[in-house]
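Q:
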Amino acid sequence: MKTVRFRLNGEPRELEASGDEPLLDVLRETFKIKSIKPGCGPQKECGCCLVLIEGQPKVTCSIKIAQVEGRSILTLEGVSDNELQLYADAFQAAAGLQCGYCTPGLVLRTKYLTDQDRELTRDEIAKAIDGHLCRCTGYVKIIDAIELIHKAKRGGALPTVIDNGGVGESLQRWQGGDLALGRRPFVADIDVAGLLHGVVVLSPHARALVKRIDTTKALALPGVRAVATAKDVPGDRWVGLIYKDWPCFVAEGEEVRYVGDVVAAVAADTARIAREAAKLVEVEYEPLPAVLDPFESVKPGAPQVNPKHANVLSVTRIEKGDADAALAASAHVVTGTWQTQRIEHLFLETEACLAVPLPDGRLHMYSQGQGIFDDRRQVAAILGEPEDKLFVELVPNGGAFGGREDMTIQAQTGLLARLTGRPVRVTLTREESVRMHPKRHPLTMTYEVGCDAEGHLTAAKVRIMGDSGAYASVGGKVLERAAGHAVGPYKVPAIDIESTAAYTNNPPCGAMRGFGVNQTSFAIEGCLDLLAEKVGIDGFEMRWRNVLRNGDTYTTGQILERAVGVEKTLAAIKDDYYAAKNAGRAVGIACALKNSGLGNGAIERGHARLVVQPDGTVDLHTGFTEMGQGLLTILTQCAVEVTHLPAEVFRPQVNTRFELGAGQTTGSRATLLAGRAMIDAAEKLRADLAQGLSLDQLAGRVYVGETVIDDTTAPGETKNGKIKTHTTFGWASQMVVLDDKGALAEVVAAHDVGRALNPQQCTAQIEGAVHMGLGYALTEELPCKDGMPVTAKLREIGVLRAQHMPKVKVILVEEPEPDGPFGAKGVGEIGLVPTAGAVAGALAMFDGTRHHRLPMKESSAARAINVGHIPGDRSDWH
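For the sequence shown, the positions run 53 to 930 when our numbering is used.
#1: Please state the DSSP three-state secondary structure of R236.
#2: Which class does Y606 belong to by DSSP, given the choice of helix, strand or coil?
#3: Tell me whether N634 is buried or exposed, calling it buried when 16 or more other Cβ atoms sit within 10 Å of its Cβ.
#4: Kindly indicate which three-state DSSP category C98 falls into: helix, strand or coil?
#5: CB R394 to CB N358, shorter than 8 Å?
#6: What residues in its chain sit with their C-beta under 7 Å from that of G229, if we drop five residues either side in the sequence?
#7: Starting from the Cα of T212, find the closest Cα among E910, P841, A916, A197 and give me that residue.
#8: Label S382 either buried or exposed according to how many other C-beta atoms from any shown protein chain fall within 10 Å of its C-beta, with 16 as the threshold for buried.
#9: So is D871 buried or exposed if we call it buried at 16+ other beta carbons inside 10 Å?
#10: Which class does P286 belong to by DSSP, given the choice of helix, strand or coil?
#11: Rounded to the nearest angstrom, how far is the Cβ of T127 from that of S87, given a contact under 8 Å?
#12: Apart from the five residues on each side of it in sequence, which residues of its chain come closer than 6 Å, Cβ to Cβ, to A948?
#13: Hey, V860 and G190: beta-carbon distance below 8 Å or not?
#14: For G820, I'd like the list of residues in its chain whose CB is within less than 6 Å of its CB, leaving aside the five on either flank, ordered along the chain.
#15: Could you give the C-beta distance for I922 and T843, rounded to a whole number, given that I count them as a contact under 8 Å?
#16: Report the rounded CA-to-CA distance for Q743 versus I761, giving the unit in angstroms.
#17: From this set, H823, L254, F425, E306, which residue's C-alpha is nearest N707's C-alpha?
#18: Indicate whether P886 and S573 have their beta-carbon atoms separated by less than 8 Å.
#19: On the three-state DSSP scale, how would you describe Y153?
#20: Determine, using beta-carbon pairs with one atom in the stretch 719-738 and one in the stretch 645-662, whether at least three such pairs fall under 8 Å.
#21: So G839 and A258 are in contact, right, with Cβ under 8 Å, and what is the actual spacing, rounded?
#22: What residue ranges within the stretch 370-455 form continuous alpha helix (DSSP H) runs of no fewer than 4 residues, ordered along the chain?
#23: Does DSSP classify E711 as helix, strand or coil?
#24: Do you know offhand how far L248's Cα is from L138's?
#25: Within its chain, find whatever has a CB closer than 6 Å to the CB of P346; leave out the 5 residues flanking it on each side and keep chain order.
#26: Is L662 helix, strand or coil when you go by DSSP?
#27: Who are the near neighbours of A916 in its chain, counting only those whose CB is closer than 6 Å to its CB and skipping five residues on each side?
#28: Less than 7 Å separating the Cβ of D412 from some heavy atom of the ligand PLP?
#29: Starting from D671, trace the beta strand (DSSP E) in both directions and tell me its first and last residue.
#30: Which value, in whole angstroms, describes the spacing of the CA atoms of S14 and L650?
#31: Classify L410 as buried or exposed, calling it buried when 16 or more other Cβ atoms lie within 10 Å of its own Cβ.
#32: Measuring alpha carbon to alpha carbon, tell me which of G250, Y755, A272 ends up nearest K736.
#33: For E135, collect the residues of the same chain with a Cβ closer than 7 Å to its Cβ; drop the 5 residues on either side in sequence, then sort them by chain order.
#34: Identify every residue that forms a DSSP beta bridge with A631.
#35: By alpha-carbon positions, which one of G752, E678, T695, V692 ends up nearest to R721?
#36: Note down the Cα distance separating T472 from R277, rounded to an integer number of angstroms.
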């Protein structure tokens with residue numbers, strides 16, 4: 053041990069340390085500096101842990117405490133209040149944050165940049181923030197915020213923040229200022245007395261028999277308070293959102309089925325001790341041949357991957373007319389196989405859960421999941437306790453994108469808290485996160501599509517195979533959705549579609565933004581481009597002749613009676629398309645639709661509560677999850693619009709105080725369902741206010757809001773003689789323009805959002821989705837070798853940085869949905885559905901190469917980007 057002396061935010065500090073502790077850990081744990089966040093550590097790639105050392109920006113995950121001897125460190129906690137207010141206001145005014153996890157690091161980088169006596173162009177800003185990763189925003193509005201700050205520091209106007217507003221106004225994000233400055237805690241920031249630190253022990257094998265688990269040495273390590281295995285689970289070990297096929301612990305005598313399976317969990321006084329103890333847990337494995345190819349998995353005689361279900365997880369079939377006959381009679385037919393890759397969500401906040409035993413015997417769980425009521429149900433079953441013994445509270449997370457629907461470490465955290473009787477927090481490392489949570493499905497899609505001589509589509513025959521990995525998650529529903537959207541937003545008279553989800557020993561695949569529709573969009577848009585060439589028309593005209601309009605029949609047989617805005621979105625980009633084409637630029641175009649709501653026969657509910665408090669505020673309760681998309685802001689606006697009370701009155705929260713469970717925040721449905729329920733509750737409050745009652749007089753009253761959607765039909769079924777697979781859809785048209793070297797130059801995205809409840813945040817969501825879609829198209833992938841992800845490094849996984857983003861022009865089209873709150877439709881997923889198809893079309897125009905596989909890493913556009921380069925031999929990757 054040695055004494056290390058330095059200055060922290062102007063104050064002299066010293067501590068006794070071994071010297072090799074990461075500065076990040078010391079600042080967060082010893083000095084309680086929580087504005088800096090763990091993200092990639094120790095990769096030096098996300099920027100979430102940035103500080104200024106001697107005035108220079110440095111990331112703390114890769115610096116040892118001994119290296120700051122005698123040096124000065126500045127964090128946001130040491131910046132003046134007036135300056136912090138400027139940063140908070142600018143990021144709010146520009147909508148430069150969504151989940152907010154990356155924002156404090158960006159704010160400190162902004163201070164460094166804008167304190168310098170020089171001008172800054174947007175390109176210079178983009179390059180300067182290359183060390184920062186944002187998964188939500190697409191960087192456009194981050195750069196807007198930095199420009200605002202730069203100008204304000206030089207005498208320009210201060211940014212104007214909209215702090216009150218109803219529907220249609222750009223109200224500032226709920227808690228956005230505190231998020232920007234790192235003041236609103238995430239789960240890993242919450243400190244409680246007596247806290248223990250938990251670590252899980254993961255399987256190193258994709259498939260193996262667990263012969264023995266010995267925790268003796270781990271338990272003997274000083275500071276260890278508990279080591280849990282399957283033997284310690286008092287209730288049901290098996291969990292799952294649809295099928296209970298996923299054990300929270302794999303027991304002796306059972307098989308591990310993927311490299312994220314948990315065999316033990318440790319609770320100790322410090323995180324370091326817990327990790328040392330985890331290494332001491334002895335597990336004897338007998339490795340077994342892994343099933344890694346979904347086509348091999350579904351063959352007779354293949355080893356059964358999961359004991360709870362056959363290897364064929366689901367098959368969805370959709371038939372309309374005689375596709376074979378229609379194809380035979382078509383003037384033009386194209387065929388091909390399109391393949392898409394496994395994708396890592398790469399939310400910047402890794403999974404964390406905190407469980408705190410309460411004096412009354414309940415367990416208070418702080419969750420960042422996408423469905424706290426599902427968390428409560430599953431953890432209670434594992435603990436063998438009634439659900440009312442758990443109080444679950446959402447801590448809005450640092451991004452999710454579908455990756456937090458399934459539980460990861462909530463069950464293990466709860467069990468460790470019960471075994472020790474003390475608060476326990478488990479926080480995954482980046483590598484553990486990449487191994488554990490479900491991914492986007494890799495799909496193999498074979499298409500045969502025909503049209504007549506004028507380019508009108510006649511038929512489509514489609515076969516889809518999806519690798520769902522070791523556990524069901526929502527994989528069957530993803531492949532069901534892929535089937536339903538397999539021919540995109542186009543009229544196709546004859547259809548023959550079969551979509552299969554298969555178990556393998558690869559990491560599970562489940563929900564990720566787009567939910568199977570991104571994949572099929574890439575394929576059908578490629579088919580339309582190929583047919584357009586045969587007909588002799590351009591991409592715009594091919595789509596214009598075939599897009600769905602009111603009164604047309606969708607793929608599933610549903611007659612679209614209203615709110616079909618794809619034609620309007622296509623018209624909105626027409627001038628940009630032909631301007632680029634006439635200028636000799638390579639331009640690609642694609643259209644898309646994405647359902648809002650689960651549909652397909654699911655009964656969907658939305659619940660809300662408004663509770664008037666004695667201090668004149670109103671608690672706004674919902675069961676859906678805020679994960680950066682702005683849901684709590686939107687619900688506040690709905691309440692403001694109905695009651696005419698100021699926005700500052702409302703206090704959004706998500707917990708299990710009321711029974712508001714309505715399933716996961718998924719399927720672009722939170723605004724649809726929660727918004728409708730909030731309007732219902734707010735109208736009841738408004739009625740009392742209209743009677744002349746004040747909030748003081750209404751203190752203690754609870755206003756109940758409810759909504760239900762129960763008129764959709766499962767594939768192949770009818771209700772009241774009608775097929776209605778979805779309540780409503782978002783619609784979009786996008787075009788991508790390349791420069792003269794074949795690199796990304798511009799994206800124009802026209803989206804029918806029904807009604808833009810918050811236009812600025814709606815635009816920001818679409819910009820962020822386009823960013824994710826471009827990465828999906830060109831650079832992002834998570835291949836596995838022998839079932840193990842080949843990398844957990846952020847740059848190798850391939851998420852785009854600010855300097856890689858082209859100009860993005862968003863056009864909001866409003867074709868109101870009568871069943872939506874104030875006409876709104878969901879926009880969370882549709883933003884990246886058409887992007888890859890548009891990129892592929894532009895690349896084909898640029899050099900004549902038609903890409904059938906994602907990511908298109910060999911393309912000119914990908915070669916211009918310096919991320920996504922994974923070393924190693926690709927021949928045995930899956």
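Every residue, glycine too, gets a C-beta built ideally from N, C-alpha and C. Bear in mind the structure is a predicted one, so any value in this text is a computation, not a measurement.
A: In terms of the structure at hand:
#1: Coil, per DSSP.
#2: Three-state result, Y606: coil.
#3: N634 counts as exposed, since fewer than 16 other beta carbons sit within 10 angstroms of its beta carbon.
#4: Coil, per DSSP.
#5: Taking 8 Å as the cut-off, the Cβ atoms of R394 and N358 do not count as close.
#6: Around G229, the same chain offers A140, Q144 as residues with beta carbons nearer than 7 Å, after the five sequence neighbours per side are excluded.
#7: Ranking E910, P841, A916, A197 by Cα distance to T212 puts A197 first.
#8: Counting Cβ neighbours within 10 Å, S382 comes out buried, since at least 16 surround it.
#9: Result: buried.
#10: When secondary structure is reduced to three states using DSSP, P286 falls in the coil class, being assigned neither helix nor strand.
#11: Right, their Cβ atoms sit about 6 Å apart.
#12: The requested residue 948 does not occur in the structure, where the chain is confined to residues 53 to 930.
#13: With contacts defined by Cβ atoms closer than 8 Å, V860 and G190 form a contacting pair.
#14: The residues are C188, T189, G190.
#15: Contact between I922 and T843 holds, since their C-beta atoms are separated by about 5 Å, short of 8 Å.
#16: Annotation: Q743 to I761 spans about 31 Å, alpha carbon to alpha carbon.
#17: Across the set H823, L254, F425, E306, the C-alpha of F425 shows the shortest separation from the C-alpha of N707.
#18: For P886 and S573, yes; Cβs fall inside 8 Å.
#19: Looking at Y153 - three-state DSSP - the assignment turns out to be coil, as it is neither helix nor strand.
#20: In short, these stretches touch, since the Cβ pair count reaches three.
#21: Right, the Cβ-Cβ distance comes to about 3 Å (below 8 Å), so this counts as a contact.
#22: With a minimum length of 4 residues, the continuous alpha helix (DSSP H) runs that stay inside the stretch 370-455 are 375-380, 424-435.
#23: DSSP, read as helix, strand or coil, puts E711 in coil.
#24: Rounded to whole angstroms, L248 to L138 spans 38 Å at the Cα level.
#25: Taken in chain order, the residues that qualify are M517, D519, A554, T556.
#26: Strand.
#27: Around A916, the same chain offers A795 as residues with beta carbons nearer than 6 Å, after the five sequence neighbours per side are excluded.
#28: This structure lacks the ligand PLP; in fact it carries no ligand of any kind.
#29: Under the DSSP assignment, D671 falls in the beta strand (DSSP E) whose first and last residues are 670-674.
#30: No answer is possible for residue 14: it lies beyond the span of the chain, which begins at 53 and ends at 930.
#31: With fewer than 16 Cβ atoms within 10 Å of its Cβ, L410 is classed as exposed.
#32: K736 has its Cα closest to that of Y755, out of G250, Y755, A272.
#33: If you ignore the 5 residues before and after E135, its C-beta comes within less than 7 Å of no other C-beta in its own chain.
#34: Note: A631 sits in no beta bridge, so no partner.
#35: Checked all of G752, E678, T695, V692; the closest Cα to R721 is E678.
#36: The straight-line gap from Cα to Cα measures roughly 7 Å.
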